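With UniProt numbering, letter number 145 in the sequence shown gets 145, and the count goes up by one each step, no holes.
Read the structure below first, then the notes.
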Amino acid sequence: MVPRVAMMRSVWRGVGRWRGVAGGWVRGMETDTSTGSAGTIVQSAQTEAEVLKALVGGMTSHARGFPIKGDSVEILETPSQFYNVLLQGVRNARSRVVIASLYIGTGTLEQELLDVIAESLAKKPSLQVTILCDALRTTRPSRESDVYPSSAAMLSNILLSERAPWRKSTTRDRPKDPVRVALYHTPMLNQVLKMVLPARVQEVVGVCHLKAFIFDDNVIMTGANMSTSYFTVRQDRYLCFPDCKSLASHFCSLINTVALYSYTLDDMGKLLPRSAHLDPVTESELFCTELSDSVKDLTAPVKGVDTVEGVDTWVFPTVQMGPLGIRQDEAAMLWLLKQLPGGSDVHLSSPYFNLTPEYEDAMLEAAKDRYVHILTASPKANGFYGSSGISGFIPLAYSLLEQQLHNRAMSTDDDKEKSSSPKNGLCIYEYERLGWTFHAKGLWCSLPGAEEGPSVSLVGSSNLGYRSRDRDLEAQVFLFTNAPRLQQQLERERDDLFVRASKVNSGIFRGPDRQGGLFASLALKLVKPWL
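This is the structure in structure tokens:
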């Protein structure tokens, strides 16, 4: 087991002190935003503050930046905190509640949350609610409830049906449709595949994997879905950005745009045609073109960073929508890894370990003069552990993929059994906690000499694997900060995850639960692009 947090900090943190950037971060700075040699834009930087300013300036070529006050950001630690903040956000919202999640479960906690939304709609005539989920996942038959056959049925019954509390309100100035439930359907699932594939297998083709929660001007970015396990014993990450009107409006626009091209759930639990009048199944090519253009208009970068006095933190939202030909998140991530200066500490987490070749190569390249630590779920902490049927093979598949990267990172010593020293400074860790599963994903980067903690982070829905790159819709936030309190929160968040992890060595993969044989190796080659 990795030593406790205090010892870890002495190993993972740099030394020195980072004081910040006087006079704000300035527009018009000369930066090289190419994806060429490592550290291109920071070669002339002399201090940590200059490095961060260069990174922020370069990031403007990849995404739109939003200035915020770092001290206002709150990082939640537990699933129960996440659930309680969702309840509080709904209860306090006055004008808008906008939610994007893969699905909403049908358990007691989820029903309570939807009941609170319904009550808020009845009490607040100006409140507008939009919920975006994936159509395939939300209409899949549920095993959690004896009352509701699916998430769609529960959403319809509590929020849209005649029994919904807001329908009984006599307030005159209430909008005609104060609540909308949109269900996105991937254009990659054509009519033939829909007829051939079982309902659950259809989701493998592609889903809407966006995760964002907006309550008025407050934003929560996470990788968590809305179901009982994510509210109780499934560890994720949760960054709260309060009073960020521009950031909130950006995500509302993104979610509303995708919702426009999604089915609408009605009060009888049926799916109505899209507002955009394009069918993703029968008109997939035109559907992709028009939705892609709409999303690109929202996410196109605005060059340069304006001077903002008193701002110590910038956030850059990105999306990855492979079916639409949008690879913004991938481009930004690969660029960032190449620009980080030598001596940086890089910590990456991906619960479903299936890094693309581009990410693997970037990590190994970065590790030549940086410290790279990768965290993933142990087989027992994988959400599919113990599943029946083909799903039960998934934890082993991820373990085999993890082993492949471990072998690439290991030194070329003849006796690999005795050697646990990876070349290039890359180490892999496995998270395991009794009774819990692991779903945290993202990035933490500490620049050389930064004592306060990470100054760069990434949080959102992407697992940085093949699915995230090619099949699903993803949303992330890149964060750059020199706010000491936020840096300390990021450090504590990172350390609390790694402290429950064990460092991987070659012996782990010789365990009986890690052996798949020839059949598993062949099967892995077939399923890898779908994981």
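Where is the CB? At the ideal position from N, CA and C, for every residue including glycine.
Bear in mind the structure is a predicted one, so any value in this text is a computation, not a measurement.
- Distance between Asp312 and Ser457, taken at the CA atoms: about 14 Å.
- Comparing alpha carbon positions, the residue from Gly70, Val51, Leu260 closest to Arg180 is Leu260.
- Restricted to the region 74-134, the beta strand (DSSP E) segments that are unbroken, complete and at least 3 residues in length are 74-76, 96-100, 128-134, listed in chain order.
- Under the three-state reduction of DSSP, Ser145 is assigned to coil, being neither helix nor strand.
- Cβ-Cβ distances below 6 Å link Asn218 to Pro242 in the same chain, with the five nearest sequence neighbours on each side left out; the list follows chain order.
- In terms of Cα proximity to Ser227, the closest of Pro512, Trp335, Arg143 is Arg143.
- Leaving aside the five residues that flank Leu486 on each side, the residues in its chain whose CB is nearer than 6 Å to its CB run, in chain order, Gly70, Val73.
- CA-CA distance, Gly389 to Gly453, rounds to 43 Å.
- Under the DSSP assignment, Ile428 falls outside any alpha helix (DSSP H), being part of the beta strand (DSSP E) whose first and last residues are 426-431.
- Counting C-beta pairs closer than 8 Å gives fewer than three between the region 520-529 and the region 480-499, which falls short of the contact rule.
- Residue state for Asp361 is assigned as helix, using DSSP reduced to three classes.
- Distance from the CA of Lys176 to the CA of Leu254, rounded to the nearest whole angstrom, comes to 23 Å.
- Setting aside the 5 residues that flank it on each side, Leu348 is surrounded in the same chain by Ile374, Leu443, each with a C-beta closer than 6 Å to its C-beta; the list follows chain order.
- DSSP places His406 in the helix class (H, G or I) of the three-state scheme.
- In the three-state scheme derived from DSSP, where H, G and I count as helix and E and B as strand, Gly58 is classed as helix.
- Look at Asp267 here: in three-state DSSP terms it is coil, with no helix or strand label.
- For Trp314 against Gly65, the beta-carbon gap comes to about 5 Å, under 8 Å, which counts as contact.
- Excluding five sequence positions before and after Arg137, the CB atoms of its chain that fall closer than 8 Å to its own CB belong to Leu102, Tyr103, Ser151, Glu203, Val207, given in chain order.
- For the set Ile99, Cys133, Arg91, the Cα lying nearest the Cα of Tyr263 is the one of Cys133.
- A check of alpha carbon separations from Thr139 across Glu119, Ala440, Gly105, Glu110 identifies Gly105 as the nearest.
- Secondary structure of Trp436 (DSSP, three-state): coil.
- In the three-state scheme derived from DSSP, where H, G and I count as helix and E and B as strand, Glu474 is classed as strand.
- Here the region 319-337 lies against the region 455-475, with 3 or more beta-carbon pairs under 8 Å apart.
- A residue is called buried once 16 or more other Cβ atoms fall within 10 Å of its Cβ, and Gln403 is buried on that count.
- Within the same chain, Cβ atoms closer than 7 Å to the Cβ of Gly516 are found at Leu396, Leu400, the five residues on either side in sequence being excluded.
- The DSSP assignment places 179-184 as complete runs of the beta strand (DSSP E) inside the region 169-210, in order along the chain (cut-off: 3 residues).
- A straight-line Cα-Cα distance of about 48 Å links Pro448 and Ser120.
- At a Cβ-Cβ threshold of 8 Å, Pro79 and Thr232 count as neighbours.
- In the three-state scheme derived from DSSP, where H, G and I count as helix and E and B as strand, Leu479 is classed as strand.
- The three-state reading of DSSP puts Ser446 in strand, counting E and B together.
- In the structure shown, Asn157 falls within a helical segment according to DSSP collapsed to helix, strand and coil.
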